[in-house]
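Data block below; observations after.
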Amino acid sequence: MATGYFDHNATTPLCPEARGAWLNAQDDLWLNPSSPYRASARVHAHLESARERLAELFDVLPSRVVFNGGATEGNNAVFAHWAATLPKDCVVGVGSTEHPSVLEAARHFFGGRVQFLPVDATGAVERSEIDWDSLGAISVMAANNETGVLNPWREITVAADAAGIPFHCDASQWIGKLPLEGFSACDFVTGCAHKFGGPRGVGFLLVPESAGHFHSFAGGAQEAGRRAGTEDVPGILAMLAALEAITGSKSGAAEGRDRFEEMLKDFCQVIGQEGERLWNTSLLLMPEFASERWVRALEKRGLLVSTGAACAAGKTGPSHVLAAIGVEADLMRRALRISSGHETTPTDWLQLAAAIRSTYEVLQADHSGPATVIHP
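Sequential numbering of the sequence shown, starting at 20, is according to the numbering used here.
Rendered as structure tokens:
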């Protein structure tokens, strides 16, 4: 891997605890937990123990935990459930800066019956602008994957409950970075293992106790009939090991990120800086050059950064997140997303800032014309 990985919002390296749990389970707990023999019952017992331990972390009943294949599956499952159970004329509200797996699921299952919630200048959902009387359900992410901006999801939870409508929170970027208190009050919560040091292809969905008729897949009766398909017990145990390890560790600090932004404030703009953000994320509008050129130039120096959402890699068009905030299209193409992990040090951040400055000089020298600086 490159010497400097700054794309943790896309995916994280498998942490030692998760790797150990996965290897041990592949040796001893690889049987199908639904098979009828005693050896399989032991695997099923480990599966249910994992459910109980995850439920304890979120302060919910184990029966609310549905293991699945990740956040995209969980997000789609929620909207499919709403489409099947809510009134046919129901309108769902979704944040304008949501992850594509929420936006596209809403469009797919509800068509024109989607109300895109406005955001403020930082990209956070404007809670005071939500028309609760017009909505039958609402979905708002906890933290944005591109900007790191935090939404007022706890307050929205309370308001949705008062309005009598179900609330879904995609917590993929929050989990593993900030405390888990408050998610127990949400109706639906999406989690994704590879965002916090676990394996890919594993995740979970918290569902309400009242959702006894919840079915994400048709097929077998796994997950109490709520998600068909043989459970990946080694993957689930690895996910839990990662979550327990990172929940028990010291919370990340924004010191390195903030010093990094201070070093670069004279020639680039930071999106969402005036609001509350994840401690690990910085979305920059860079001078003159397209973000792809910055990514390639920095990779040559062993530094991996992103142009934005990893799920949009290879697609053309502006970021819907930046568009919702009101960033001009010409500036959107210069966006760089920097996202660190718990192992990233303040020195790593400062070295990245220095590399960006020197890379800027190289790009200027290669450019046939004067470069334009973006002043905040």
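Backbone N, C-alpha and C fix where the C-beta goes; we use that ideal spot for every residue, glycine too. Quick caveat: nothing in here was measured; it's all calculated off a predicted structure.
| Check | Outcome |
| --- | --- |
| Short check: CB of arginine 276 to CB of tryptophan 298, under 8 Å? | yes |
| Return yes when the Cβ of glycine 88 is within less than 8 Å of the Cβ of valine 340, no when it is not. | no |
| Report the CB separation of valine 133 from valine 144 in whole angstroms; it is logged as a contact under 8 Å. | With 8 Å as the limit, valine 133 and valine 144 do not qualify as a contact, their Cβ atoms being about 15 Å apart. |
| Starting from serine 68, trace the beta strand (DSSP E) in both directions and tell me its first and last residue. | Unbroken run through serine 68 is the alpha helix (DSSP H), 57-77; no beta strand (DSSP E). |
| Give me the Cα-Cα distance between glutamate 280 and proline 365, rounded to the nearest whole angstrom. | 12 Å |
| In three-state terms, what does DSSP make of valine 208? | strand |
| Cα separation between proline 337 and phenylalanine 233? | 36 Å |
| Which residue comes first and which comes last in the beta strand (DSSP E) that contains threonine 300? | 300-304 |
| How would you call alanine 249, buried or exposed, if buried means at least 16 neighbouring beta carbons within 10 angstroms? | Alanine is not the amino acid found at residue 249; the sequence shown has threonine there. Threonine 249 should be labelled exposed. |
| Measuring straight from C-alpha to C-alpha, what distance separates tryptophan 49 and valine 62? | 8 Å |
| At what residues does the alpha helix (DSSP H) containing proline 164 begin and finish? | Looking at the sequence itself, residue 164 is asparagine, so the reference to proline does not match. Run containing asparagine 164: none; DSSP gives neither H nor E here. |
| From proline 52 to serine 191, what distance separates their C-alpha atoms? | 27 Å |
| Buried or exposed, going by whether 16 or more other CB atoms sit within 10 Å of the CB of alanine 21? | Because the pLDDT of alanine 21 is 47, which lies under 50, any placement of that residue in the model is unreliable, and the question is left without a value. |
| Tell me the DSSP secondary structure of alanine 390 in three-state form. | Note on alanine 390: pLDDT 48, under 50, position unreliable in the model; no value is reported. |
| Please report the residue range of the alpha helix (DSSP H) in which glycine 112 lies. | Looking at the DSSP string, glycine 112 is not in any alpha helix (DSSP H); the run it does join, the beta strand (DSSP E), is 111-114. |
| For tyrosine 56, count neighbouring C-beta atoms within 10 Å of its own C-beta (all shown protein chains included) and say buried if the count is 16 or more, exposed if not. | exposed |
| If you follow the alpha helix (DSSP H) that asparagine 43 is in, where does it begin and where does it stop? | 35-47 |
| Tell me, which residues are paired with alanine 354 by DSSP? | Leu304 |
| Report all residues from its chain with a CB closer than 7 Å to the CB of serine 358; omit the five preceding and five following residues, and keep chain order. | Phe25, Asp26, His27, Asn28, Asn299 and Thr300 |
| Taking a contact to mean a Cβ-Cβ separation below 8 Å, would you say aspartate 189 touches threonine 209 in this structure? | yes |
| For a test of the three-state rule: what should DSSP assign to phenylalanine 86, helix, strand or coil? | strand |
| So, helix, strand or coil for glutamine 192, using DSSP? | coil |
| From phenylalanine 202 to tyrosine 379, what distance separates their C-alpha atoms? | 42 Å |
| Give the range of the beta strand (DSSP E) segment to which phenylalanine 223 is assigned. | 222-225 |
| When DSSP labels each residue in this structure, what does valine 381 get in the three-state scheme? | helix |
| What separation, rounded to the nearest whole angstrom, lies between the Cα atoms of serine 115 and serine 54? | 44 Å |
| I'd like to know if the region 117-128 and the region 94-107 are in contact, where contact means that at least 3 CB-CB pairs between them fall below 8 Å. | yes |
| Quick one, which of Gly360, Gln370, Phe308 and Glu318 has its alpha-carbon nearest phenylalanine 384's? | A small fix is needed here, since residue 384 is alanine in this sequence, not phenylalanine. When each option's Cα is compared against that of alanine 384, the closest is Phe308. |
| According to DSSP, simplified to helix, strand and coil, what is arginine 312? | helix |
| Please report the distance separating the alpha-carbon of alanine 140 from that of valine 168. | 11 Å |
| How about cysteine 34 and alanine 261: do their beta carbons lie closer than 8 Å? | yes |
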